[in-house]
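Engineer:
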Amino acid sequence: MNSPLNISRRTFIKATALAVGGLVIAFSIPNAKRFLLPGIPEANAAEEGNKLPTPNAFLRIDTDNTITVMLAHSEMGQSIWTTLPMLIAEELDVDLSKVKVMHAPAAPEYIHTAYGIQITGGSSTTWSEFDRYRQAGALTRALLVNAAAKKLGVTAESIKTENGFAISGDKKISYGDLAEAAAKLETPKAVTLKQPKDWKIIGKATKRLDGPEKINGTAIFGQDIHFEGLMTAMVARSPVFGGSVKSFDASAAKKIKGVQQVVQVPSGVAVIADNYWAAKQGREALKVEWNLGPNAGLDSKALVSEYRKMAATQGLTAAKAGDIKTASAKVTKTVEAEYVLPYLAHSPMEPLNCSVKISKDACEIWTGTQMQGTDQQAAAKILGLKPEQVTIHTLFLGGGFGRRANPAADFVSEAVQVAKAAGVPVKTVWSREDDVKGGYYRPMYLHKAKIGLDANGMPATWEHTIVGQSILLGTPFEAFMIKEGVDATSVEGVADSPYLKSVPNYQVSLHTAKTAIPVLWWRSVGHSHSALVMESLIDELAHTAKKDPLEYRRALLKDHPRHLAALNLAAEKAGWGKPLPKDVFRGIAVHESFGSFVTQVAEVSVDKGVVKVHRMVCAIDCGLSVNPDSLKAQMESSISFGLGAAMQSEITFKDGMVEQSNFHDYKVMRMADMPKVEVYIVQSTEKMGGAGEPGLPPVAPAVTNAIFAATGKRIRSLPIGNQLA
Numbered sequence: 000m001n002s003p004l005n006i007s008r009r010t011f012i013k014a015t016a017l018a019v020g021g022l023v024i025a026f027s028i029p030n031a032k033r034f035l036l037p038g039i040p041e042a043n044a045a046e047e048g049n050k051l052p053t054p055n056a057f058l059r060i061d062t063d064n065t066i067t068v069m070l071a072h073s074e075m076g077q078s079i080w081t082t083l084p085m086l087i088a089e090e091l092d093v094d095l096s097k098v099k100v101m102h103a104p105a106a107p108e109y110i111h112t113a114y115g116i117q118i119t120g121g122s123s124t125t126w127s128e129f130d131r132y133r134q135a136g137a138l139t140r141a142l143l144v145n146a147a148a149k150k151l152g153v154t155a156e157s158i159k160t161e162n163g164f165a166i167s168g169d170k171k172i173s174y175g176d177l178a179e180a181a182a183k184l185e186t187p188k189a190v191t192l193k194q195p196k197d198w199k200i201i202g203k204a205t206k207r208l209d210g211p212e213k214i215n216g217t218a219i220f221g222q223d224i225h226f227e228g229l230m231t232a233m234v235a236r237s238p239v240f241g242g243s244v245k246s247f248d249a250s251a252a253k254k255i256k257g258v259q260q261v262v263q264v265p266s267g268v269a270v271i272a273d274n275y276w277a278a279k280q281g282r283e284a285l286k287v288e289w290n291l292g293p294n295a296g297l298d299s300k301a302l303v304s305e306y307r308k309m310a311a312t313q314g315l316t317a318a319k320a321g322d323i324k325t326a327s328a329k330v331t332k333t334v335e336a337e338y339v340l341p342y343l344a345h346s347p348m349e350p351l352n353c354s355v356k357i358s359k360d361a362c363e364i365w366t367g368t369q370m371q372g373t374d375q376q377a378a379a380k381i382l383g384l385k386p387e388q389v390t391i392h393t394l395f396l397g398g399g400f401g402r403r404a405n406p407a408a409d410f411v412s413e414a415v416q417v418a419k420a421a422g423v424p425v426k427t428v429w430s431r432e433d434d435v436k437g438g439y440y441r442p443m444y445l446h447k448a449k450i451g452l453d454a455n456g457m458p459a460t461w462e463h464t465i466v467g468q469s470i471l472l473g474t475p476f477e478a479f480m481i482k483e484g485v486d487a488t489s490v491e492g493v494a495d496s497p498y499l500k501s502v503p504n505y506q507v508s509l510h511t512a513k514t515a516i517p518v519l520w521w522r523s524v525g526h527s528h529s530a531l532v533m534e535s536l537i538d539e540l541a542h543t544a545k546k547d548p549l550e551y552r553r554a555l556l557k558d559h560p561r562h563l564a565a566l567n568l569a570a571e572k573a574g575w576g577k578p579l580p581k582d583v584f585r586g587i588a589v590h591e592s593f594g595s596f597v598t599q600v601a602e603v604s605v606d607k608g609v610v611k612v613h614r615m616v617c618a619i620d621c622g623l624s625v626n627p628d629s630l631k632a633q634m635e636s637s638i639s640f641g642l643g644a645a646m647q648s649e650i651t652f653k654d655g656m657v658e659q660s661n662f663h664d665y666k667v668m669r670m671a672d673m674p675k676v677e678v679y680i681v682q683s684t685e686k687m688g689g690a691g692e693p694g695l696p697p698v699a700p701a702v703t704n705a706i707f708a709a710t711g712k713r714i715r716s717l718p719i720g721n722q723l724a
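Numbering of the sequence shown is given in numbering that gives the first Met the number 0, commencing with residue 0 and proceeding in unit increments.
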């Protein structure tokens, strides 16, 4: 008999189907011909028709009529727990309320259809799985219909399906009763998907399937994991990045009731205890002498000065057209500006945590992660195991925003190291302070631009230099997302801006700064800084040319219909050009990212230097909206996240250390500060884009453009804070 590790995937699928007494469907789709993150090469072109390729995820129907969908991606608040099952339920002809959902484990079968790794990121889940999940539903339905036809002695063509039943005349059989028979049939080589006109679920506003359990507290997040023998650990880490332990005294820590062990690990010193509070008190009592290393002098103001010096020199070319030197002699006006954006923390509501249980030939990990495969490989390497010997139990994520998709697998690796050193199962927990001070931030960026206007007030030359750290250097993404030294994520939103396509002479250059500060993608990645700069500059050009900011954008974007669709819808719904209440002013911004086009209109007042955002009007064209309710929720979330970053959030360094520690000084949006939010969806049949991130980039420039309308002052650095005081 073959060992479990040697059986074929097809044998496994058949055996699983028989074991559960039902039908298990494996499904995937060839890589779609598109890419989302700039610099990622296009995947192989999709096969013609609806051919069914090699399996990599599963749909199960049990004999009790239970339908279970395994998600190859992680639910972290973006509602894919509902959206992806909607696709299956549509083709399967079942009521969505009958569908149960589970996170898939880390395994090669669940590799992303475009990115080549198992990941939830880049606002890519819905568009990347749209065909794959619909095919799963259609394939399952075909097998069930064939089983019903055989059982009833009729043709498959004579059978219709409805609400989980196969129906022929006055006879109907539930899917559960057909599951075992369907599992024994030969899989069809192709299936026919429903036409949009026949959709009953896709495109309809749908309540979240994970809503009830998140409301009643039964949803399981990483912090909720507990089992017999599981200890809790907190790690004392160097206050300066790159520092190391010189020595430590654990005697006081070990006197704390509940503290069981104190062990040194690569990231610092771990205190292992019976519970969180004991671990926290033990860590506070721990005495550690640190070798702070060469980064003890890190200082934010000094870094900005260094960046400014770099911006004054020629960088690597990211995009170029025409002859700026010759054309500059003919411009009538010149606009020059410098923008500085700070480091930002991800600050998910659930701080990082990871539970690890190590046995002789296996390891189990419970955590909320956006990158299961990478975490699995990192754990295996630490323990000397094969990746398949490491089981990742993906749980609900209490927010991610990129922090839980780290190619370095930092918090998972640390948890494995702690459990390995302790010799017992351990949950390693980060406090909020650990999270804010612990690194992997959105990089700080400095932009310097010089734009020449022609006699009509339109840009004729555009020189743009960007300075910032690369989030890709040293990661597996470096090979195909850094070309000739240019990190695509550092220049996205500028180098590929539609505005530059109307400028005959332009050059975008990049300086990649190197510091010890660990950086990572943050919600909307490079667009989080480039949109502010581009939309502020366009606004400034419009005012310099004495033109309405909306009309100026319309002129520059006349050949970009999807930008215009979002721009026009938001302007209409906001009442652009119509009177506002006294002392309230509007600003507008439009930006494309992750395949979607979003406009934000902000209504703002400034009283004695205090900025108040009264209303945000958002319009998005993301192509087909599978679940309009979820789409609107993501735009609302992006607005909240974006306003926090625009108004208050920043990470700064002094003497090598992060100055912020918790939400009292790393400020995010509070409910009391939220404006009225309106979201409108462009009815579009264009290519699908993402939803989790595209709403954020135009938020800050819409606000700062409104501030200019109110005060005549340009905000050139974030956060806005008390700049107007």
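Even for Gly, the Cβ is constructed at its ideal location relative to N, Cα and C.
Every value quoted in this text rests on a predicted model; they were computed, and no experiment measured them.
Would you kindly work out how many angstroms separate the C-alpha atoms of residue 462 and residue 493, rounded to a whole number?
Structural biologist: Mapped onto the sequence shown, residue 462 falls at position 463. Mapped onto the sequence shown, residue 493 falls at position 494. Distance between the alpha carbons of residue 462 and residue 493 is about 11 Å.
Engineer: When the distance is taken between beta carbons, is residue 717 closer than 7 Å to residue 608?
Structural biologist: Translated into positions along the sequence shown, residue 608 becomes position 609. Translated into positions along the sequence shown, residue 717 becomes position 718. Not closer than 7 Å, so no.
Engineer: Have a look at residue 800 and residue 207 and give me their C-alpha separation to the nearest angstrom.
Structural biologist: Beyond the ends of the chain as shown, which are 0 and 724, falls residue 800; an answer cannot be given.
Engineer: Identify every run of the alpha helix (DSSP H) within the segment 177–230, keeping only runs that are complete inside it and at least 4 residues long; order them along the chain.
Structural biologist: As summarised for the segment 177–230, the continuous alpha helix (DSSP H) elements at least 4 residues long and confined to that stretch are 210–215, given in chain order.
Engineer: With distances taken from CA atoms, which of 111, 194 and 21 is nearest residue 89?
Structural biologist: Working through the sequence shown from its first residue, we reach residue 89 at position 90. When only C-alpha atoms are compared, the closest one is 194.
Engineer: Could you give the DSSP three-state label for residue 87: helix, strand or coil?
Structural biologist: On the sequence shown, position 88 is the one that residue 87 refers to. The answer is helix: DSSP assigns residue 87 an H, G or I state.
Engineer: If you follow the alpha helix (DSSP H) that residue 303 is in, where does it begin and where does it stop?
Structural biologist: Here residue 303 is taken as the residue at index 304 of the sequence shown, counted from 1. Its alpha helix (DSSP H) spans residues 299–310.
Engineer: With a CB to CB cut of under 6 Å and the five nearest residues on each side skipped, what residues in its chain are close to residue 687?
Structural biologist: Translated into positions along the sequence shown, residue 687 becomes position 688. Only 126, 622 and 623 meet the Cβ criterion.
Engineer: Across which residues does DSSP place residue 69 in a beta bridge pair?
Structural biologist: Here residue 69 corresponds to residue number 70 of the sequence shown, with the count starting at 1. Paired residues: 101.
Engineer: Exposed or buried, residue 662, counting other C-beta atoms within 10 Å across all chains shown (16 or more means buried)?
Structural biologist: Within the sequence shown, residue 662 is the residue found at index 663, counting from 1. That one is exposed.
Engineer: For residue 97, which of 431, 108 and 87 has the nearest alpha-carbon?
Structural biologist: Mapped onto the sequence shown, residue 97 falls at position 98. It is 87.
Engineer: As an exercise, report each continuous alpha helix (DSSP H) stretch of at least 4 residues that is fully enclosed by the segment 323–350, in chain order.
Structural biologist: 323–327
Engineer: Our contact map puts residue 451 next to residue 490 with C-beta atoms below 8 Å; I'd like the distance itself, whole angstroms only.
Structural biologist: To locate residue 451, count along the sequence shown from 1; it is residue 452. To locate residue 490, count along the sequence shown from 1; it is residue 491. That pair is no contact at about 21 Å.
Engineer: Quick check on residue 488: does DSSP put it in helix, strand or coil?
Structural biologist: What you label residue 488 is simply residue 489 of the sequence shown in a count that begins at 1. DSSP places residue 488 in helix when its eight states are reduced to three.
Engineer: Could you spell out where the beta strand (DSSP E) holding residue 452 opens and where it closes?
Structural biologist: As a position in the sequence shown, residue 452 is number 453, starting the count at 1. 444–452 is the extent of the beta strand (DSSP E) around residue 452.
Engineer: So is residue 522 buried or exposed if we call it buried at 16+ other beta carbons inside 10 Å?
Structural biologist: Position 523 of the sequence shown holds residue 522. Answer is buried; the Cβ neighbour count reaches 16.
Engineer: Are at least three pairs of beta-carbons, each pair with one atom in the segment 495–505 and one in the segment 416–428, less than 8 Å apart?
Structural biologist: no
Engineer: Near residue 647, what residues of its chain come up, given a Cβ to Cβ distance below 6 Å and the 5 sequence neighbours on each side ignored?
Structural biologist: As a working note, residue 647 is residue 648 in the sequence shown. Only 666 and 718 meet the Cβ criterion.
Engineer: Give the straight-line distance between the Cα atoms of residue 439 and residue 344, rounded to the nearest whole angstrom.
Structural biologist: To locate residue 439, count along the sequence shown from 1; it is residue 440. To locate residue 344, count along the sequence shown from 1; it is residue 345. Near 7 Å, if we compare the C-alpha coordinates of residue 344 and residue 439.
Engineer: Would you call the CB atoms of residue 428 and residue 275 closer than 7 Å?
Structural biologist: Here residue 428 corresponds to residue number 429 of the sequence shown, with the count starting at 1. Here residue 275 corresponds to residue number 276 of the sequence shown, with the count starting at 1. The answer is yes: Cβ separation under 7 Å.
Engineer: Whose CA, out of 513, 115 and 673, lies closest to the CA of residue 309?
Structural biologist: Translated into the one-based positions of the sequence shown, residue 309 becomes position 310. Ranking the options by Cα distance to residue 309, first place goes to 513.
Engineer: What are the start and end residues of the beta strand (DSSP E) that includes residue 468?
Structural biologist: Here residue 468 refers to the residue found at position 469 of the sequence shown. Residue 468 -> beta strand (DSSP E) spans 458–468.
Engineer: Can you tell me which of the three DSSP states residue 472 falls into?
Structural biologist: Position 473 of the sequence shown holds residue 472. In this structure, residue 472 counts as coil in the three-state DSSP scheme.
Engineer: Am I right that residue 335 and residue 218 are in contact with their C-beta atoms under 8 Å? What's the rounded C-beta distance?
Structural biologist: On the sequence shown, residue 335 is found 336 positions in, with the first residue counted as 1. On the sequence shown, residue 218 is found 219 positions in, with the first residue counted as 1. No, residue 335 and residue 218 are not in contact; Cβ-Cβ is about 52 Å, not under 8 Å.
Engineer: Could you tell me which whole beta strand (DSSP E) segments of length 3 or greater appear in the segment 135–169?
Structural biologist: As far as the segment 135–169 is concerned, its whole beta strand (DSSP E) runs of at least 3 residues are 159–161 and 164–167.
Engineer: Tell me residue 591's beta-bridge partners as DSSP assigns them.
Structural biologist: Working through the sequence shown from its first residue, we reach residue 591 at position 592. In the DSSP assignment, the residues bridged to residue 591 are 596.
Engineer: Buried or exposed: residue 214, going by 16 or more other Cβ atoms within 10 Å of its Cβ?
Structural biologist: What you label residue 214 is simply residue 215 of the sequence shown in a count that begins at 1. Answer is exposed; the Cβ neighbour count stays below 16.
Engineer: Can you name, in chain order, every residue of its own chain whose Cβ lies under 6 Å from the Cβ of residue 282, other than the five neighbours on each side?
Structural biologist: On the sequence shown, residue 282 is found 283 positions in, with the first residue counted as 1. Excluding positions up to five away in sequence, the list reads 233, 235 and 270.
Engineer: Mind checking which residues open and close the beta strand (DSSP E) that includes residue 267?
Structural biologist: Working through the sequence shown from its first residue, we reach residue 267 at position 268. Segment 267–272, the beta strand (DSSP E) holding residue 267.
Engineer: Check residue 707 in the structure and name its three-state DSSP category.
Structural biologist: For the purposes of this step, residue 707 is taken as residue 708 along the sequence shown, with counting starting at 1. Three-state result, residue 707: helix.
Engineer: Quick check on DSSP: helix, strand or coil for residue 58?
Structural biologist: In the sequence shown, residue 58 corresponds to position 59, counting from 1. Correct three-state label for residue 58: strand.
Engineer: Residues in the same chain with beta-carbon distance under 7 Å from residue 184, minus the five sequence neighbours each way, listed in chain order, please.
Structural biologist: As a first step, residue 184 must be located in the sequence shown, where it is residue number 185. Here the set comprises 142, 145 and 146.
Engineer: Using CA coordinates, which residue listed in 441, 539 and 395 is at the minimum distance from residue 456?
Structural biologist: Taking the first residue of the sequence shown as position 1, residue 456 is located at position 457. Ranking 441, 539 and 395 by CA distance to the CA of residue 456 puts 539 first.
Engineer: Spatial neighbours of residue 508 within its chain, please: CB distance less than 7 Å, with the 5 preceding and 5 following residues excluded, ordered by chain position.
Structural biologist: Counted from its first residue, the sequence shown places residue 508 at position 509. So the qualifying residues of the chain are 313, 314, 315, 316, 317 and 464.
Engineer: If I follow the unbroken alpha helix (DSSP H) through residue 479, where does it start and stop?
Structural biologist: Within the sequence shown, residue 479 is the residue found at index 480, counting from 1. Segment 477–480, the alpha helix (DSSP H) holding residue 479.
Engineer: Tell me which same chain residues have a C-beta within less than 6 Å of the C-beta of residue 676, skipping the five on either side of it?
Structural biologist: Position 677 of the sequence shown holds residue 676. Excluding positions up to five away in sequence, the list reads 615, 635 and 638.
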